[in-house]
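For the record, in the sequence shown the residue sitting at position 136 is 172 according to our numbering, with numbers rising by one throughout.
We put the CB at the ideal spot given by N, CA and C, even for glycine.
To keep things clear, I will list the structure first and then write my remarks on it.
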Amino acid sequence: MLPESRGDLSLSAGPDRGPASDGPMAAMTQSILVIDDERSFCDVVSEILDSYGYRVHQAYSAAQAEELLRSIHPDLMILDIMMPDVDGLTLIRRLRRDPAHTGTPIIVSSAKFLAEDRAAAMEAGANAYLSKPFSARDLKETIDRLLADGSDARQSSGSMQTG
């Protein structure tokens, strides 16, 4: 899954790259938690986010994310639906019940691309949905929008690519 998506999640130079792009300067102090059982995916996404000036934390399971969230309070979370211990939808529901994370924007990143998968994520409490593979530009635009919006309005975003 990642080798095909690595082309879209590339770190090549371009107009949508780096902290000097159209992103807010506030990125320098904002933190993002990436939750995905595929370490290589977490690493690629983390490199992209780091290049935009975000502080990035990684968790490779729902349990690890929940443990980490006891000590950090990210400005935004990106998580996969399909994880081995607890699925992402269950994790989103748990996070939405926790007063500390009720308003934290959540982006679902998943290889699932059907409309019902997207709808289930939004119903669970996600603010945006990106189908893998997605581009660094799509990721950055989604993050910028959610952080600017304060995550009040739930939105669907990203490509509906099938692989």
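In or out: residue i buried (at least 16 other Cβ within 10 Å) or exposed?
i           : result
residue 125 : buried
residue 93  : buried
residue 186 : exposed
residue 150 : exposed
residue 154 : buried
Which residue marks the beginning of the beta strand (DSSP E) containing residue i, and which one marks its end?
i           : result
residue 69  : 67-71
residue 143 : 142-146
residue 3   : The structure shown does not extend to residue 3, since the chain is modelled only from 37 through 199, so no value can be given for it.
Could you please give the first and the last residue of the uninterrupted alpha helix (DSSP H) stretch that includes residue i?
i          : result
residue 76 : 75-87
Return the CA-CA distance between residue i and residue j, expressed in angstroms with no decimal places.
i           : j           : result
residue 119 : residue 113 : 15 Å
residue 96  : residue 71  : 6 Å
residue 83  : residue 175 : 12 Å
residue 170 : residue 98  : 22 Å
residue 121 : residue 87  : 30 Å
residue 69  : residue 128 : 13 Å
residue 173 : residue 140 : 21 Å
residue 117 : residue 108 : 21 Å
residue 142 : residue 184 : 14 Å
What residues match up with residue i in a beta bridge as DSSP calls it?
i           : result
residue 122 : Per DSSP, none; premise fails for residue 122.
residue 94  : 70
residue 167 : 146
residue 183 : Its beta-bridge partners do not exist; DSSP assigns none.
Under 6 Å: does the beta carbon of residue i sit that close to some heavy atom of the ligand GDP?
i          : result
residue 95 : With respect to the ligand GDP, the structure offers nothing, as it holds no ligand at all.
With distance defined between alpha-carbon atoms, name the residue in the options nearest to residue i.
i           : options          : result
residue 180 : 90, 128, 80, 159 : 90
residue 123 : 138, 145, 104    : 145
residue 135 : 183, 182, 106    : 106
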